[in-house]
Amino acid sequence: MRGFRLKYDRWLQDFPLLTKGVTSAILFGLGDRFAQRLETNDDKSDREDRYGLKRTARMMVWGGLVFGPIGHVWYNFLEKTIRGKGTAAIIKKIAIDQVILAPPLALAFFTYAGYSEGEPLHDTVKTAVTKLRPTLAVNWTVWPLVHVGTFGFVPLQYRVLYINVANIGWSAFLSQMASKDGQVSETHKMEPATD
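In the numbering used here, the protein residues as written are 65 to 259.
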């Protein structure tokens, strides 16, 4: 295991975008397969599960070509913009991440998911907007806690990897949301504002 870590460190140093992209693709794919097992709760073989493999491939493309590179650039930007390791710096990084990155990334994901399944762009954008609010409700209960570790303890070069490990569960959630009509269980619904 130590040998692989040394190789991974070297890849991060020599090819950071490629390494983070490949890592993201693999872990997003694992998250999707996990989601599919939860959804179907059956023992289909992968040969019989052609739709599932296409869906997994779409998740891997998203992870590898979108999330990995965006994560690399974004976490480097946050580290340069907000200096320090103290509580105030961690809270600022989390707040900026959740307010500036999370909403457009969720919209982009759902738009990509629908469009890559052959839906018209107009419909995918409409669906993405419908799914945004319940997705952010769950996002804002999960990711601030994950990001305490991201920004408080994890070295910069490992942040995309760390987030991708957490993303196994999150991409399972996103994959389920993308394959539904914006439906969220009662426990994940956000109450409408009464202002």
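Beta carbons are placed, not taken as given, at the ideal position from N, Cα and C, and that holds for glycine.
Computed from a prediction, not measured in an experiment: that's the story for all the values here.
Does the beta-carbon distance from M124 to A89 come in below 7 Å?
yes
Residues in its own chain within less than 6 Å of R122 by CB, not counting five upstream and five downstream?
S180
Within a Cβ cutoff of 7 Å, which residues of the same chain sit near A230, ignoring the five residues on either side of it in sequence?
V210
For R111, the three-state DSSP class (helix, strand or coil)
Low confidence applies to R111: its pLDDT is 49, below 50, so where it sits in the model is not reliable, and the reading given next is rough at best. Looking at R111 - three-state DSSP - the assignment turns out to be coil, as it is neither helix nor strand.
For M65, which of helix, strand or coil comes out of DSSP?
coil
7 Å Cβ cutoff met for T87 and N228:
yes
From F173 to A242, what distance separates their C-alpha atoms?
8 Å
Are E143 and L220 close, meaning C-beta to C-beta below 7 Å?
yes
Alpha helix (DSSP H) segment containing W138, residue limits:
Its alpha helix (DSSP H) spans residues G132 to T145.
Out of Q77, G213 and L81, which has the shortest C-alpha to C-alpha gap to I138?
First, the residue type needs correcting, since residue 138 is Trp and not Ile in the sequence shown. Nearest of Q77, G213 and L81 to W138, Cα basis: L81.
Helix or strand or just coil, what does DSSP make of S243?
coil
So, with DSSP's three-state summary, where would you put P208?
helix
Does the count of Cβ pairs from the region 202-218 and the region 158-171 closer than 8 Å reach three?
Yes, since at least three Cβ pairs between the region 202-218 and the region 158-171 fall closer than 8 Å, the two stretches touch.
By the three-class DSSP mapping on this structure, what secondary structure does G148 have?
Reduced to three states, the DSSP call for G148 is coil.
Member of K84, L70, R74 and L185 whose CA lies at the smallest distance from the CA of F131:
K84
Could you give the DSSP three-state label for E103: helix, strand or coil?
Three-state DSSP puts E103 in a helix.
Nearest residue (CA-CA) to L169, options G93, W126, A153 and D73
W126
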